[in-house]
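Enquirer:
In my numbering, the protein residues as written are 326 to 1067.
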């Protein structure tokens, strides 16, 4: 998304100068490259002639400011030229061929990667944003300079956002906070990351920002004495130990304080570590020596030491972090690093251009960046939908991570909350697709086990194992989520096509049209009108809920030249009685039971065609279904259980029992005798005398369930038993019966 507003007349005739840009670039670029930068400026100036920003400045001041930021990071001349030209393709009709002829292929590719998708039409702003972001990331994977120029572009736009309306400021600020700031952090661009966060906080939540800023200013005077004492004590301590270093005291950013207050539910007065300190030493041994001296000077807080030197962060960041109890018991955070680590920490991947060829640290950060870009390419390869792609990569962009080890000692970085399945897919797609369990620290653990930093994980696979849709409920990494969805889509295509065919046949029945009787000419016109290439693709879209069968049926009538083409009623009838879709229970993921009511054979049911999920079955008395029918009547269809169903279905049961010895064993035996398989059991205390048991059992139909409940009610231990419709057990406590057995 490009953040700008063009005007046709200026509010003030500013004189545009590139002296500062040339001054910055001249410090490291040869004269021949400077001439190319000047030529790019002249081209941009002509292209934007007569255009002005909302502030009244000539529009060319924006690309100049973006180029100055790139020059301050010492990017090469091609990146600076691209920064100057990044809007000319959109605003002046300049083509990529024009840029190739004038500035060469590399500059043209960079500008093209930065250009907006102005010729594409999208159904919503969210879809446009997702597709634009997708293009940016793929261009970034081809050339990392794209994202650096893009971040410079966004940073300057955020610095000049004041002129926008409050609603527009908030929208742009939230987008920056959700997407661009995490990208900057992931690439190690911490200076840009912090400034983007602060500007986003200021524009998205102006009142909170102002209140917090005043509170920090008021507290600054009170804490200055404490900060001075700490600085003096640390400098003397390290000097006495002959450790060459520089010590800086820094005030935490407002957004960092705000996030801490929100996440930990603290008031401002309770956030004690508003100040932090940074110690920059000569070499790596000096980091550990300085940490030892600091731990002697002030007492360390247990559990607050992190060694990011031995195990760097995902973005290549390295430092020692420790929290100490300073004067008056105030927690004080210290970061200890070398000068090289400091440059990487502040400039991140841009340090590749700043300090070319200066040691192993830069090689490490380039390797980490390559891994990130490869991960993004893998995700987009498996994801067809732009919004889904954005959903996947947002998880991977946020910096919180855990570090786990393979059996041979290799470190793997995963998002916080990642499970065994995430680890398996991080190792290799085939390992993820065939995993069945894992050894975590030599102990067999299930696939949903959440991993902690330091865990040693060995994946156990089986040749016939396949991804389970349930995994999508607990995996955290974008790679795992996209790989699972890709596999399920490919495996479920055939059954989704069959379901789509049944839905379309039902929609056409009222017009006495058989799907198999449609001519090739009708199909060709239908596919053209629907903008798909094959029949299976159209039927799969219907089965997956991306298209509504009655609407497609209307297109069939139009393709046949029927003058009475009309959209069917919500129930799927137009006066005639239609045969409902038969549910056999073996349709796979294309037909699912709604978790809000979990219908079983024998329940009266209705079907909802949900986008991306296929057919969802509800009981006809489900309140969630009733509300949804009023909102989207065209997505509901008649369904019915097939008499040939033989497989069991999960159902939830709440049982209140007397807490006596042998009660649970008797209940379990009764369930087994009644042919009910127990798949889950939890227990909660009602009183010392009673227990409330929550069962998930498998039954074939309502008659089977009724026999089971009757058998349970005959037990002397059981006071009350009832079916709970829904995946989650009822929160309402069952009424306590005094003596009566039901």
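Every residue, glycine too, gets a C-beta built ideally from N, C-alpha and C.
Here the structure is a predicted model, which is why all the values come from computation and not from measurement.
Could you please give the first and the last residue of the uninterrupted alpha helix (DSSP H) stretch that includes residue 368?
Expert: Residues 356-372.
Enquirer: With DSSP as the reference, identify every bridge partner of residue 660, one or two as the case may be.
Expert: In DSSP, residue 660 forms a bridge with 603 and 646.
Enquirer: Considering just the uninterrupted stretch of the beta strand (DSSP E) at residue 1016, what are its terminal residues?
Expert: 1015-1024 is the extent of the beta strand (DSSP E) around residue 1016.
Enquirer: With burial defined as no fewer than 16 other Cβ atoms inside 10 Å of the residue's Cβ, what is the status of residue 475: buried or exposed?
Expert: Buried, by the Cβ-count rule.
Enquirer: Could you pull the start and end residues of the beta strand (DSSP E) that residue 762 belongs to?
Expert: Here the beta strand (DSSP E) through residue 762 covers 760-765.
Enquirer: If you count every other CB in all the chains shown that lies within 10 Å of the CB of residue 1002, and 16 or more means buried, which is it?
Expert: Counting Cβ neighbours within 10 Å, residue 1002 comes out exposed, since fewer than 16 surround it.
Enquirer: Would DSSP call residue 981 helix, strand or coil?
Expert: Strand at residue 981.
Enquirer: Can you tell me whether residue 334 is helix, strand or coil according to DSSP?
Expert: For residue 334, the pLDDT reaches just 40, beneath the cut-off of 50, and the residue's location in the model is therefore unreliable, although a value from the coordinates is still provided. Residue state, collapsed to three classes: coil.
Enquirer: State the DSSP-derived secondary structure class of residue 343, mapped to helix, strand or coil.
Expert: Here residue 343 sits in coil by DSSP.
Enquirer: With a cut-off of 8 Å on the beta carbons, I'd call residue 1022 and residue 995 a contact; round off their distance for me.
Expert: That belief does not hold up - the Cβ atoms of residue 1022 and residue 995 are roughly 11 Å apart, past 8 Å.
Enquirer: Should residue 647 be labelled buried (16 or more other beta-carbon atoms within 10 Å of its own) or exposed?
Expert: Its Cβ being crowded by 16 or more others within 10 Å, residue 647 is buried.
Enquirer: So what does residue 799 bridge to, in DSSP terms?
Expert: Answer by DSSP bridge pairing: none, since residue 799 is not bridged.
Enquirer: May I have the straight-line CA-CA distance separating residue 667 from residue 577, to the nearest angstrom?
Expert: When rounded, the distance between both Cα atoms is 17 Å.
Enquirer: To the nearest angstrom, report how far apart residue 563 and residue 356 are at their CA atoms.
Expert: Distance between the alpha carbons of residue 563 and residue 356: 45 Å.
Enquirer: Taking Cβ positions, are residue 350 and residue 396 nearer each other than 7 Å?
Expert: Yes, these two residues count as a Cβ contact at 7 Å.
Enquirer: Give every residue of the same chain whose Cβ lies closer than 7 Å to the Cβ of residue 449, excluding the five residues on either side of it in the sequence, and list them in chain order.
Expert: At residue 449, the pLDDT of 49 sits below 50, so the modelled position is not reliable; the number obtained from the coordinates is stated separately. Contacts found: none.
Enquirer: Between residue 618 and the rest of its own chain, which residues show a CB-CB distance below 8 Å, the 5 nearest in sequence each way excluded?
Expert: So the qualifying residues of the chain are 562, 563, 566 and 568.
Enquirer: Mark residue 1066 as exposed unless 16 or more other C-beta atoms lie within 10 angstroms of its C-beta, in which case mark it buried.
Expert: Any answer about residue 1066 is weak, because its pLDDT of 31 lies below 50 and its placement is not dependable; what the coordinates show is given next. Result: exposed.
Enquirer: How many angstroms separate the CA atom of residue 875 from the CA atom of residue 959?
Expert: About 7 Å.
Enquirer: Can you list, in chain order, the stretches of the alpha helix (DSSP H) that have 4 or more residues and sit fully within the stretch 727-794?
Expert: Fully enclosed alpha helix (DSSP H) runs of 4 or longer: 745-752 and 754-758.
Enquirer: One question on the structure: do residue 432 and residue 408 come within less than 7 Å of each other, judged by their Cβ atoms?
Expert: No.
Enquirer: Would you kindly work out how many angstroms separate the C-alpha atoms of residue 342 and residue 654, rounded to a whole number?
Expert: Cα to Cα, residue 342 sits roughly 53 Å from residue 654.
Enquirer: Applying the criterion that 16 or more other CB atoms from any shown protein chain within 10 Å of the CB defines a buried residue, is residue 845 buried or exposed?
Expert: With fewer than 16 other Cβ atoms within 10 Å, it is exposed.
Enquirer: In whole angstroms, what is the alpha-carbon distance linking residue 924 and residue 832?
Expert: Going from the Cα of residue 924 to the Cα of residue 832 covers about 24 Å.
Enquirer: Suppose the cutoff is 6 Å on Cβ atoms and the five residues either side in sequence are ignored; what does the same chain contact list for residue 737 look like?
Expert: Excluding sequence neighbours, residue 737 sits near 729 and 751.
Enquirer: CA-CA distance, residue 612 and residue 660?
Expert: Cα to Cα, the separation comes out at about 9 Å.
Enquirer: Kindly indicate which three-state DSSP category residue 1035 falls into: helix, strand or coil?
Expert: If DSSP states are grouped into helix, strand and coil, residue 1035 belongs with the helices.
Enquirer: Buried or exposed, going by whether 16 or more other CB atoms sit within 10 Å of the CB of residue 1024?
Expert: Buried: at least 16 other Cβ atoms inside 10 Å.
Enquirer: Looking at C-alpha atoms only, which residue of 669, 624 and 1039 is the closest neighbour of residue 633?
Expert: The residue with the shortest Cα to Cα distance from residue 633 is 669.
Enquirer: Going by DSSP, what residue range makes up the beta strand (DSSP E) through residue 588?
Expert: No beta strand (DSSP E) holds residue 588; the alpha helix (DSSP H) holding it covers 579-589.
Enquirer: Is it right to say residue 780 is buried, meaning 16 or more other beta carbons lie within 10 angstroms of its own, or is it exposed?
Expert: That one is buried.
Enquirer: If you follow the beta strand (DSSP E) that residue 907 is in, where does it begin and where does it stop?
Expert: Residues 906-908.
Enquirer: Taking all protein chains shown into account, decide if residue 859 is buried (16 or more other Cβ within 10 angstroms of its Cβ) or exposed.
Expert: The residue in question, residue 859, is exposed, as its Cβ has fewer than 16 Cβ neighbours within 10 Å.
Enquirer: Determine the contact status of residue 918 and residue 883, defining contact as a CB-CB distance below 7 Å.
Expert: The answer is no: Cβ separation not under 7 Å.
Enquirer: If you draw a straight line from the alpha carbon of residue 652 to that of residue 560, how long is it in whole angstroms?
Expert: C-alpha separation (whole angstroms): 15 Å.
Enquirer: Considering only the beta carbon of each residue, do residue 506 and residue 518 sit closer than 7 Å?
Expert: Yes, these two residues count as a Cβ contact at 7 Å.
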